[in-house]
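See below for the structure under consideration.
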Amino acid sequence: MRTRPALAAAVTVAALLTACGSGGPPTGGDGPSAQERTLTVFAAASLTGPFTRIGEEFEAANPGVRVRFSFAGSSDLATQIGEGAPADVFASADERTMTQVTDRSLTAGDPVDVATNVLQIATAPGNPTGITGFADLTRPGLKVVVCAAQVPCGAATGTVESATGVRLSPVSEEPSVTDVLGKVTSGEADAGLVYVTDVRRAGDAVTGVPFPESSRAVNTYPVAALRDAADVPLAQDFVGFVTGPQGRDVLRDAGFGTP
Amino acid sequence: MRPRGAVGRRDGAGAGSALPRWVLLPAGAGLALFVLPLLGILSRVPWTRFGALLTSESALTALLLSLRTASVSTVLCVLLGVPMALVLARGHVPGTRVLRSVVLLPLVLPPVVGGLALLWALGRNGLLGPALSVLGIEVGFSTAAVVLAQTFVSLPFLVLSLEGALLSAGDRFEAVAATLGARPGRVLLRVTVPLVAPGLVSGAVLAFARSLGEFGATLTFAGSLQGVTRTLPLEVYLQRETDPDAAAAMSLLLVVVAVVVVVAVRGRRSAP
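In the order they appear, the protein sequences are chains A and B.
According to UniProt numbering, the first sequence is numbered sequentially starting from 1.
According to UniProt numbering, the second sequence is numbered sequentially starting from 1.
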């Protein structure tokens with residue numbers, strides 16, 4: 001009787017730890033009849049919409065395969081992969097971030113470029129401030145929000161600035177493109193520099209203003225199967241599926257360009 | 001090491017203070033949950049470049065902005081929080097329980113929700129936004145927005161500490177002073193406030209620490225611009241994108257400040 005609380009505590013702790021641990025992908029077990037295989041895809045946040053659809057189509061084409069996603073900022077994902085997160089596929093929003101993973105030889109084979117994305121100006125619905133081009137963003141009194149230089153959309157913004165010689169004085173340099181979009185949809189900012197796919201995704205909440213100089217900073221999205229994937233051939237199948245006709249269609253519908 | 005069988009043994013003498021031994025296991029696990037991440041930070045701090053990373057221009061600017069805004073927020077917390085605590089503890093106003101719950105709210109809200117709430121109240125398109133614009137005030141993207149966000153999340157710490165101190169101090173001395181002819185204002189300043197000064201100081205220190213660590217509400221409500229709204233936690237969040245070493249060094253700085261604050265508050269508490 002005396003040991004029961006101790007036992008109960010030990011059992012509870014053990015149960016909790018097992019419960020926490022069971023979320024990982026199945027490892028080893030190349031048994032003859034692995035009924036269900038799980039593929040874990042780490043993908044840039046801007047790919048959330050199209051990749052969710054591609055995942056469903058991949059599952060339909062491969063019975064018994066379950067695709068699960070972790071969507072976040074590319075460099076967060078690259079850091080997690082470097083720290084040993086159980087990912088099978090990595091899709092980055094720019095080549096610089098993919099390099100962090102390839103430099104450490106963590107990919108299985110070379111990354112494949114699957115999509116491109118360019119910047120667009122997002123304004124309040126109907127473009128009430130009448131912005132027509134990149135140079136308009138320097139208009140006095142206009143509150144402009146951009147991405148910080150440390151993240152891919154901010155790097156692209158910097159490239160456009162140096163290519164055009166137009167220097168912006170933003171009121172905020174946000175850590176992610178979704179934060180920029182949020183400042184525009186909430187009305188706090190008059191304009192923000194986001195990706196064309198973000199404008200598409202935001203629907204009626206913003207009006208997009210394309211500008212020709214955006215072609216000076218085209219972001220390329222590489223995808224790679226990872227060396228430590230639980231099932232490397234399956235991961236490579238997924239990469240092939242994304243770059244195949246079905247994947248390209250979905251990405252084009254979301255506003256992405258073809259590399 | 002004691003055998004497992006000894007776990008849960010209770011002593012006959014002084015039984016009131018004896019703990020069953022198995023309590024140590026989850027308590028130790030809980031302690032490890034705090035200590036391990038701290039060791040994690042220490043393991044990543046690049047000690048050779050530590051000084052250089054902390055004295056980089058962006059780190060210094062963020063640190064100074066954090067210290068400035070957290071100080072102003074603490075002053076605001078005292079100015080607004082002391083009267084609130086007095087009303088809660090001594091006011092005898094109806095609905096004190098509801099009021100107390102409202103004051104507690106920022107403590108349990110995710111800070112990003114607090115930031116959105118502030119935006120919807122004081123932002124350009126918020127409840128008071130149009131009225132503020134008429135007055136020529138635009139809070140968004142300003143250092144004032146940082147201070148508002150910090151005050152919003154820190155105020156409960158001051159109010160709760162002080163209210164606790166007021167309740168445990170009781171109102172006997174105040175009653176005596178009143179019977180001796182002191183007016184309410186004099187009683188408040190000469191009796192009540194000195195009586196609860198330790199509670200007030202520890203509340204203010206906690207509010208300062210919470211302000212220093214504020215992240216979610218600041219980013220959502222104020223944005224992130226060097227020297228204007230990018231406080232140290234926002235700088236850590238941004239630097240980790242490209243320079244994890246700098247992020248680790250600044251994280252350690254925040255931990256050190258937190259430890260100093262905790263020690264300061266503890267020291268106060270245990271003082272007679």
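Don't be surprised by glycine CBs; every beta carbon is placed ideally from N, CA and C.
Predicted model only: the values in this text are computed from it and were never measured.
The C-alpha of residue 33 of chain B is placed about 31 Å away from the C-alpha of residue 55 of chain B. Residues of chain A whose Cβ lies closer than 7 Å to the Cβ of residue 34 of chain B do not exist; the shortest such Cβ separation is about 17 Å.
The beta carbon of residue 235 of chain B is closer than 7 Å to those of 58, 59, 62, 250 in its chain, skipping five residues each way along the sequence. Cβ atoms of residue 92 of chain A and residue 221 of chain A come within 8 Å of each other, at about 7 Å. Fewer than three beta-carbon pairs drawn from the region 111 to 128 of chain B and the region 169 to 185 of chain B are found closer than 8 Å, and the two stretches are therefore not classed as touching. Residue 260 of chain B and residue 187 of chain A have their C-alpha atoms some 40 Å from each other. Contact residues of the region 205 to 224 of chain B toward chain A are 219, 220, 221, 222, 223, 224 (C-beta to C-beta distance below 9 Å). Close CB contacts of residue 146 of chain B within its chain, under the 6 Å cut and outside five residues either way in sequence, are with 69, 218, 222, 229 (chain order).
Here residue 174 of chain B is buried: its Cβ has 16 or more other Cβ atoms, across all protein chains shown, within 10 Å. Per DSSP, reduced to three states, the secondary structure at residue 173 of chain A is strand. Counting only residues of its own chain and dropping the five nearest sequence neighbours on each side, residue 257 of chain A has a CB closer than 6 Å to the CB of 116. In this structure, residue 85 of chain B sits away from residue 187 of chain B, with a CB-CB distance that is not shorter than 7 Å. Rounded to the nearest whole angstrom, the CA to CA distance from residue 201 of chain A to residue 241 of chain B is 24 Å. Taking C-beta separations shorter than 8 Å and ignoring five residues to either side along the sequence, the partners of residue 225 of chain B in its chain run 141, following chain order. Taking 7 Å as the cut-off, the beta carbon of residue 81 of chain A is found no closer than this to the beta carbon of residue 247 of chain A. Apart from the 5 residues on each side of it in sequence, residue 161 of chain A sits with its Cβ closer than 8 Å to the Cβ of 167, 168 in its chain, given in chain order. DSSP, reduced to helix, strand and coil, places residue 231 of chain A outside both helices and strands of the structure shown, so it counts as coil.
Cβ neighbours of residue 227 of chain A within its own chain (closer than 8 Å, five residues either side excluded): 105, 106, 107, 108. Its chain contains 129, 142, 143 as the residues whose beta carbon lies nearer than 6 Å to that of residue 190 of chain A, once the 5 sequence neighbours on both sides are disregarded; these appear in chain order. Secondary structure of residue 206 of chain A (DSSP, three-state): coil.
Think of a sphere of 9 Å around the beta carbon of residue 179 of chain A: the chain B residues whose beta carbon falls inside it are 219, 220, 223, 224, in chain order. At a beta-carbon threshold of 8 Å, none of the residues of chain A lie near residue 44 of chain B; the nearest stands roughly 11 Å away.
The region 236 to 245 of chain A makes no contact with the region 142 to 159 of chain A: fewer than 3 CB pairs, one atom from each, lie closer than 8 Å. Per DSSP, residue 67 of chain B is one residue of the alpha helix (DSSP H) stretching across 57 to 90. A straight-line Cα-Cα distance of about 45 Å links residue 22 of chain B and residue 75 of chain B. Secondary structure at residue 226 of chain A: strand, using DSSP grouped into helix, strand and coil. For the C-beta of residue 140 of chain B, the chain A residues within less than 7 Å are, from N- to C-terminus, 188. Around the C-beta of residue 231 of chain A, 16 or more other C-beta atoms lie within 10 Å, and the residue is accordingly described as buried. Minimum Cα-Cα distance from residue 176 of chain A among the listed residues A/243, A/148, A/252 corresponds to A/148. By the criterion of a C-beta distance shorter than 8 Å, residue 182 of chain B is surrounded in its chain by 190, 191, once the five residues flanking it on both sides are discounted. Look at residue 172 of chain A: its C-beta is under 7 Å from a C-beta on chain B. For residue 249 of chain A, the enclosing alpha helix (DSSP H) starts and ends at 245 to 253.
If the five residues before and after residue 211 of chain A are omitted, its C-beta is found closer than 7 Å to the C-beta atoms of 121, 133, 134, all from its own chain and listed in chain order. 143, 145, 148, 150, 151: these are the residues of the region 126 to 159 of chain A whose beta carbon lies less than 8 Å from some beta carbon of chain B, given in chain order. In this structure, residue 145 of chain A keeps its C-beta atom at 7 Å or more from the C-beta atom of residue 125 of chain A. With respect to residue 96 of chain A, residue 163 of chain A sits apart: the two C-beta atoms are not nearer than 7 Å.
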